[in-house]
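The working numbering puts the first residue of the first sequence at 11, with every later residue one more than the last.
For each residue, glycine too, the CB sits at the ideal point set by N, CA and C.
Quick notes on the structure that follows.
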Amino acid sequence: MRYSNLFGKTSKSIQADADSANAKLLTQAGFVNKQMAGVYNYLPLGLRVLTKIQNIIRAEMNAVGGNEILMPTMTQESSYVQTGRDKMDVLFHLKGRDDSELVLNPTHEEVVTPLAQKYTFSYRDLPVSVYQIQNKFRNEPRAKSGLLRGREFNMKDMYSFHVSHEDLDNYYEQVKQAYFKIYTKLGIGDITVLTYASGGVFSKYSHEFQTFAEVGEDTIYFCGKCKVAVNKEIIDDQKGACPECGTSELEERQAIEVGNIFKLADKFSKPFDFEYADSNGKNQLVQMGCYGIGPSRLMGTLVEIFHDEKGIIWPKEVAPYAVHLVSLGADENIKTEAEKLYNQLVEKGVEVLWDDRDASAGAKLADADLIGIPTRLVVSKKTLAEESVELKERNKSEAEMVKMSELLSRI
RNA sequence: CGGGGUAUGGCUCAAUUGGCUAGAGCAUCUGGUUUGGGACCAGAGGAUUGUGGGUUCAAGUCCCACUACCCCGACCA
11 MRYSNLFGKT SKSIQADADS ANAKLLTQAG FVNKQMAGVY NYLPLGLRVL
61 TKIQNIIRAE MNAVGGNEIL MPTMTQESSY VQTGRDKMDV LFHLKGRDDS
111 ELVLNPTHEE VVTPLAQKYT FSYRDLPVSV YQIQNKFRNE PRAKSGLLRG
161 REFNMKDMYS FHVSHEDLDN YYEQVKQAYF KIYTKLGIGD ITVLTYASGG
211 VFSKYSHEFQ TFAEVGEDTI YFCGKCKVAV NKEIIDDQKG ACPECGTSEL
261 EERQAIEVGN IFKLADKFSK PFDFEYADSN GKNQLVQMGC YGIGPSRLMG
311 TLVEIFHDEK GIIWPKEVAP YAVHLVSLGA DENIKTEAEK LYNQLVEKGV
361 EVLWDDRDAS AGAKLADADL IGIPTRLVVS KKTLAEESVE LKERNKSEAE
411 MVKMSELLSR I
């Protein structure tokens with residue numbers, strides 16, 4: 011991609027209302043643009059990152075047998091009346107023609123449960139799990155912290171259906187491991203911990219995945235020995251002790267919730283009367299689990315974790331491009347050489363963003379740091395004199411000269 | 001939802017006790033110069049000051065209402 015063709019621009023001045031580092035940097039670098047409180051537009055750079063995060067998640071869900079589907083954004087309110095969730099205060103309500111009552115789905119239990127019911131008759135149809143990656147709507151009393159807490163946000167939600175609690179337990183563990191693989195791939199595996207948390211309205215307890223970060227809204231108590239934590243909301247229930255080893259020597263940390271998994275059991279199968287015939291032909295309630303992770307929140311989290319005073323430092327797995335090619339100087343010769351290199355890289359399948367503008371060196375280099383692509387290549391009079399290209403990693407301070415002839419094999 | 005604050009070109013801000021044609025920087029456009037860390041010179045365009053009402057000879061400025069946004073808290077599948 012040539013920078014001159016890229017929709018979205020970097021900006022020197024920042025949004026006055028950008029609170030967190032992720033809101034500030036993502037806006038300034040041209041990844042997102044705020045539509046209104048807690049609602050964002052994803053520009054090309056931002057969408058590329060979001061898509062990569064989604065694909066990492068998608069691969070792991072497929073690996074545990076998840077079937078990807080896409081459910082609707084809106085649903086008749088009566089489904090929520092059936093479960094009692096129509097009273098949730100974060101629910102967006104709207105009216106259709108004839109004053110029909112509709113809601114924008116905050117999650118999809120009310121949709122997926124009756125859906126799965128239509129295709130599940132006996133134990134032979136179970137277990138099964140389905141997931142989708144879609145935008146959710148929650149009328150948060152207070153949206154904040156950029157992508158960390160929005161009113162419309164992107165989420166992967168998976169739902170599993172089982173004949174027994176044991177089977178649910180089994181699958182739940184598999185998904186838990188899949189989640190850790192996701193965090194590891196995103197580069198936050200070592201700072202993300204399994205956290206015992208409240209199950210909200212639907213189950214007594216749940217497991218959250220919490221990433222240590224100062225801006226995190228959640229307070230958790232971390233057990234260094236077991237590498238698990240307890241959310242503050244249930245620390246009293248746990249009597250201030252680690253649920254795995256019992257020690258009360260826990261470290262208080264701030265963290266961002268980057269995933270949450272629940273054993274729903276029959277919380278939803280019951281109101282919808284979702285039963286299957288067992289091997290004796292007797293009807294039994296289906297046991298359910300649900301598993302949520304937010305790509306958009308993860309994108310914000312990654313920026314919170316990986317940035318410096320100059321800008322974002324994307325992990326390679328999710329960076330919008332692998333290489334940021336910068337040509338410095340107005341000489342036609344420089345531009346020609348840069349273009350040659352650009353074409354070679356593209357041909358080789360390297361994702362490259364070429365800053366082909368006539369902007370000053372300072373402006374281009376500052377933008378490269380702000381955007382945060384892992385590898386920066388500079389072509390200038392200086393480098394051409396040595397038939398070389400300057401290579402610098404965004405997360406390192408020193409640059410090195412690489413011969414043009416050797417460059418392609420290096421990348 | 002309680003408390004506090006803000007609203008002025010695309011962005012960041014200014015405008016004396018209410019007073020003349022609402023200023024500047026960034027960005028944009030034109031010309032020139034410049035190219036290894038957000039360059040410089042000259043010129044240009046761009047605003048019914050969030051919306052509605054009120055007070056006044058006169059309102060960006062004062063009053064009321066509404067809306068949006070931000071902060072603290074509460075809330076948070």
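Do glutamate 403 and lysine 392 have their C-beta atoms within less than 9 Å of each other?
No, they are not a contact pair.
Given leucine 136 as reference, the closest of Tyr181, Met98 and His103 once Cα atoms are compared
It is Tyr181.
Identify the residues that DSSP records as bridge partners of phenylalanine 219: which are they?
Within the DSSP bridge table, the entry for phenylalanine 219 names Leu204 and Gly269 as partners.
Looking at leucine 53 and glycine 40, is the spacing between their C-beta atoms short of 9 Å?
In contact: glycine 40 and leucine 53 (Cβ atoms closer than 9 Å).
Per DSSP, what kind of secondary structure is glutamine 38 in: helix, strand or coil?
The three-state secondary structure of glutamine 38, taken from DSSP, is helix.
In three-state terms, what does DSSP make of lysine 44?
DSSP places lysine 44 in strand when its eight states are reduced to three.
Would you kindly report the start and end of the unbroken beta strand (DSSP E) that includes aspartate 379?
Note, aspartate 379: premise wrong, no beta strand (DSSP E); alpha helix (DSSP H) at 371–381.
Is the beta carbon of phenylalanine 284 closer than 9 Å to that of serine 213?
Between serine 213 and phenylalanine 284, the C-beta spacing is not below 9 Å.
Work out the CA separation of tyrosine 90 and glutamate 120 for me, nearest whole Å.
A direct Cα-Cα distance of roughly 6 Å separates glutamate 120 from tyrosine 90.
State buried or exposed for lysine 235, treating a residue as buried only when at least 16 other CB atoms are found within 10 Å of its CB.
With fewer than 16 Cβ atoms within 10 Å of its Cβ, lysine 235 is classed as exposed.
So what's glycine 302 in DSSP terms, helix, strand or just coil?
If DSSP states are grouped into helix, strand and coil, glycine 302 belongs with the strands.
Residues of its chain near glutamine 38, where Cβ-Cβ distance is below 6 Å and the 5 sequence neighbours each way are ignored:
Hits under 6 Å: Ser21 and Ile24.
Would you call tyrosine 129 buried or exposed, if buried means 16 or more other Cβ atoms sit within 10 Å of its Cβ?
With fewer than 16 Cβ atoms within 10 Å of its Cβ, tyrosine 129 is classed as exposed.
If we count Cβ pairs, one from each stretch, closer than 8 Å, do we get three or more for the stretch 193–207 versus the stretch 75–93?
For the pair of segments examined, the stretch 193–207 was found not to touch the stretch 75–93: the number of CB pairs separated by less than 8 Å stays below three.
I'd like the list of long-range same chain contacts for phenylalanine 147, defined as Cβ closer than 7 Å, with 5 residues on each side in sequence excluded.
Closer than 7 Å at Cβ, skipping near neighbours: Phe102, Leu114, Asn115, Pro116, Arg161 and Glu162.
9 Å Cβ cutoff met for glutamate 261 and tyrosine 231
Against a cut-off of 9 Å, the Cβ pair of tyrosine 231 and glutamate 261 comes out as a contact.
Within 10 angstroms of its Cβ, does aspartate 228 collect 16 or more other Cβ (buried), or is it exposed?
When all chains shown are included, aspartate 228 counts as buried.
Closest Cα partner of histidine 217 within the set Asn241, Ile201, Cys233 and Glu224:
Of the listed residues, the one whose Cα sits closest to histidine 217 is Asn241.
Could you pull the DSSP bridge partners for tyrosine 52 from this structure?
The partner list for tyrosine 52 (beta bridge, DSSP) reads Val42.
Please report the straight-line C-alpha distance between isoleucine 424 and tyrosine 215, rounded to a whole angstrom.
Any property of residue 424 remains undetermined from this structure, which presents the chain solely from 11 to 421.
By the 10 Å Cβ neighbour count, where 16 or more other Cβ atoms means buried, how is valine 185 classified, buried or exposed?
Valine 185 comes out buried.
Quick check on lysine 62: buried or exposed, where buried means 16 or more other Cβ atoms within 10 Å of its Cβ?
By the 10 Å Cβ count, lysine 62 comes out buried.
Below 8 Å on the Cβ atoms is my contact criterion, and I expect alanine 257 with alanine 251 to pass it. Report the Cβ-Cβ distance as a whole number of Å.
According to the sequence displayed, residue 257 carries threonine and not alanine. Threonine 257 to alanine 251, Cβ: 6 Å. Contact.
Considering only the beta carbon of each residue, do glutamine 294 and aspartate 288 sit closer than 9 Å?
Cβ atoms of glutamine 294 and aspartate 288: closer than 9 Å.
Could you tell me the distance, in whole angstroms, from the CA atom of tryptophan 364 to the CA atom of lysine 105?
Tryptophan 364 and lysine 105: Cα-Cα distance of roughly 48 Å.
Glycine 209: which of Gly226, Glu254, Glu176 and Gly299 sits nearest, CA to CA?
Between glycine 209 and the set Gly226, Glu254, Glu176 and Gly299, the nearest pair of CA atoms involves Gly299.
Local Cβ density within 10 Å of lysine 292, reported as buried at 16 or more and exposed below that
Under this definition lysine 292 is an exposed residue.
How would you call serine 337, buried or exposed, if buried means at least 16 neighbouring beta carbons within 10 angstroms?
Label assigned to serine 337: buried.
In whole angstroms, what separates the C-alpha of glycine 18 from that of tyrosine 331?
Using only the alpha carbons, I get a separation of about 15 Å.
Would you kindly check if the distance between the Cβ of alanine 223 and the Cβ of threonine 346 is under 9 Å?
The Cβ atoms of threonine 346 and alanine 223 do not sit closer than 9 Å to each other.
Which residues in the same chain as lysine 154 place their Cβ atom closer than 7 Å to its Cβ, once the five residues preceding and following it in sequence are excluded?
Taken in chain order, the residues that qualify are Asp29.
Could you check which residue in Val333, Asp377 and Asp341 has the C-alpha nearest to that of lysine 358?
Nearest Cα to lysine 358 within the set Val333, Asp377 and Asp341: Val333.
Contact set for methionine 11: own chain, Cβ-Cβ below 6 Å, skip 5 residues either direction:
So the qualifying residues of the chain are Leu363.
Supposed contact pair glutamine 142 and methionine 8 - C-beta distance, whole angstroms, cut 8 Å:
This structure leaves residue 8 out entirely; the chain is present only between 11 and 421.
Cα separation between proline 124 and asparagine 65?
Rounded to the nearest whole angstrom, the CA to CA distance from proline 124 to asparagine 65 is 27 Å.
Delimiting residues of the beta strand (DSSP E) encompassing aspartate 179:
Boundaries around aspartate 179 are those of the alpha helix (DSSP H), 175–195, since no beta strand (DSSP E) includes it.
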